[in-house]
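Just below is one structure, and these are the notes that go with it.
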Amino acid sequence: MAKIIFKRGDETFDINMPEGARVVHAAHKLKLPEIPADCRGQCQCGTCHVHVDPSWLDKINPMDLDSMELFLLERSKNYDEKYSRLSCEIYITEKLDGLTLNLVDDNIKK
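Residues in the sequence shown are numbered consecutively from 8, following my numbering.
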(Lines of atoms letter the chains of each structure in order from A; the text may use other names.)
(Lines give C-alpha, C1' and ligand atoms only; values in the text may rest on other atoms or scores of the structure.)
Protein backbone atom coordinates (compact mmCIF):
# COMPACT_ATOMS: atom_id res chain seq x y z
CA MET A 8 0.00 0.00 0.00
CA ALA A 9 1.04 3.57 -0.61
CA LYS A 10 -0.50 6.83 0.57
CA ILE A 11 -1.24 9.19 -2.33
CA ILE A 12 -1.69 12.86 -1.44
CA PHE A 13 -3.46 15.43 -3.61
CA LYS A 14 -3.18 19.15 -2.87
CA ARG A 15 -5.58 21.92 -3.81
CA GLY A 16 -4.11 25.13 -2.42
CA ASP A 17 -4.01 24.63 1.36
CA GLU A 18 -6.33 21.60 1.26
CA THR A 19 -5.00 18.05 1.14
CA PHE A 20 -6.75 14.80 0.26
CA ASP A 21 -5.10 11.45 0.84
CA ILE A 22 -5.91 7.81 0.29
CA ASN A 23 -4.07 4.50 0.65
CA MET A 24 -3.88 2.57 -2.61
CA PRO A 25 -2.54 -0.88 -3.50
CA GLU A 26 0.62 -1.38 -5.47
CA GLY A 27 -0.09 -1.72 -9.19
CA ALA A 28 -3.06 0.66 -9.24
CA ARG A 29 -2.77 3.94 -11.08
CA VAL A 30 -2.97 7.35 -9.46
CA VAL A 31 -6.10 8.18 -11.47
CA HIS A 32 -7.91 5.47 -9.50
CA ALA A 33 -7.01 7.22 -6.24
CA ALA A 34 -8.42 10.50 -7.56
CA HIS A 35 -11.58 8.72 -8.69
CA LYS A 36 -12.13 7.19 -5.23
CA LEU A 37 -11.71 10.65 -3.68
CA LYS A 38 -14.18 12.15 -6.19
CA LEU A 39 -11.86 15.03 -7.05
CA PRO A 40 -13.57 17.34 -9.57
CA GLU A 41 -10.22 18.35 -11.08
CA ILE A 42 -9.77 14.79 -12.37
CA PRO A 43 -12.88 13.60 -14.22
CA ALA A 44 -10.84 11.06 -16.24
CA ASP A 45 -13.37 11.07 -19.06
CA CYS A 46 -11.67 8.14 -20.82
CA ARG A 47 -11.59 6.06 -17.60
CA GLY A 48 -7.79 6.02 -17.43
CA GLN A 49 -7.03 4.95 -21.00
CA CYS A 50 -4.68 7.89 -21.82
CA GLN A 51 -7.03 9.23 -24.48
CA CYS A 52 -8.46 12.47 -23.10
CA GLY A 53 -5.97 14.34 -20.89
CA THR A 54 -8.55 15.06 -18.16
CA CYS A 55 -6.47 13.52 -15.37
CA HIS A 56 -3.70 16.13 -15.55
CA VAL A 57 -1.75 16.77 -12.32
CA HIS A 58 1.46 18.56 -11.35
CA VAL A 59 3.93 16.30 -9.56
CA ASP A 60 5.48 17.79 -6.43
CA PRO A 61 9.15 18.55 -7.22
CA SER A 62 10.43 16.21 -4.49
CA TRP A 63 8.78 13.24 -6.27
CA LEU A 64 9.84 13.84 -9.88
CA ASP A 65 12.73 11.37 -9.79
CA LYS A 66 10.70 8.65 -8.05
CA ILE A 67 7.77 8.17 -10.44
CA ASN A 68 7.96 6.13 -13.61
CA PRO A 69 9.29 8.36 -16.42
CA MET A 70 7.10 9.63 -19.22
CA ASP A 71 7.59 8.04 -22.63
CA LEU A 72 8.36 11.07 -24.79
CA ASP A 73 6.82 9.38 -27.84
CA SER A 74 3.59 8.66 -26.01
CA MET A 75 0.05 9.97 -26.23
CA GLU A 76 0.58 11.35 -22.71
CA LEU A 77 2.93 14.09 -23.90
CA PHE A 78 0.69 14.87 -26.88
CA LEU A 79 -2.31 15.37 -24.56
CA LEU A 80 -0.40 17.31 -21.92
CA GLU A 81 1.02 19.82 -24.40
CA ARG A 82 -2.56 20.79 -25.23
CA SER A 83 -3.58 21.29 -21.59
CA LYS A 84 -4.26 24.79 -20.31
CA ASN A 85 -1.90 24.41 -17.32
CA TYR A 86 0.82 22.33 -18.99
CA ASP A 87 4.19 22.60 -17.28
CA GLU A 88 7.05 20.85 -19.06
CA LYS A 89 8.71 19.90 -15.78
CA TYR A 90 5.80 18.97 -13.48
CA SER A 91 2.85 17.89 -15.65
CA ARG A 92 1.78 14.25 -15.86
CA LEU A 93 -1.40 12.36 -16.56
CA SER A 94 -2.39 10.51 -13.40
CA CYS A 95 -3.50 7.52 -15.49
CA GLU A 96 0.14 7.00 -16.46
CA ILE A 97 1.60 6.97 -12.93
CA TYR A 98 1.65 3.46 -11.49
CA ILE A 99 1.64 3.09 -7.72
CA THR A 100 4.48 1.23 -6.04
CA GLU A 101 5.49 0.99 -2.39
CA LYS A 102 8.30 3.50 -3.03
CA LEU A 103 5.61 6.08 -3.88
CA ASP A 104 4.23 6.06 -0.33
CA GLY A 105 3.53 9.74 0.35
CA LEU A 106 3.48 10.77 -3.33
CA THR A 107 2.24 14.35 -3.48
CA LEU A 108 0.44 15.76 -6.50
CA ASN A 109 -0.93 19.24 -7.07
CA LEU A 110 -4.36 19.45 -8.64
CA VAL A 111 -4.82 21.72 -11.66
CA ASP A 112 -8.11 23.23 -12.75
CA ASP A 113 -7.97 22.28 -16.44
CA ASN A 114 -11.23 20.37 -16.15
CA ILE A 115 -13.36 22.34 -13.69
CA LYS A 116 -16.60 23.43 -15.31
CA LYS A 117 -17.38 26.99 -14.20
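Heads up, the beta-carbon is just placed ideally off N, CA and C, and yes, glycines get one too.
The structure displayed is predicted, hence computed values, not measured ones.
query: Y90: which of D104, V111, K102, Y98 sits nearest, CA to CA?; result: V111
query: Within 10 Å of its beta-carbon, does R92 have 16 or more other beta-carbons around it, so buried, or fewer, so exposed?; result: buried
query: Since L2 sits in a beta bridge, which residues does DSSP pair it with?; result: Absent from the structure is residue 2, since the part of the chain shown begins at 8 and ends at 117.
query: Closest by CA to L108, which one among S83, L79, L39, L77?; result: L39
query: So the candidates are E26, L64, P43; which of them puts its Cα closest to the Cα of E101?; result: E26
query: For P58 and C46, what's the separation of their Cα atoms in angstroms?; result: Residue identity check: residue 58 is His in the sequence provided, not Pro. The straight-line gap from Cα to Cα measures roughly 19 Å.
query: Is it the case that the Cβ atoms of A44 and C95 are separated by a distance below 8 Å?; result: yes
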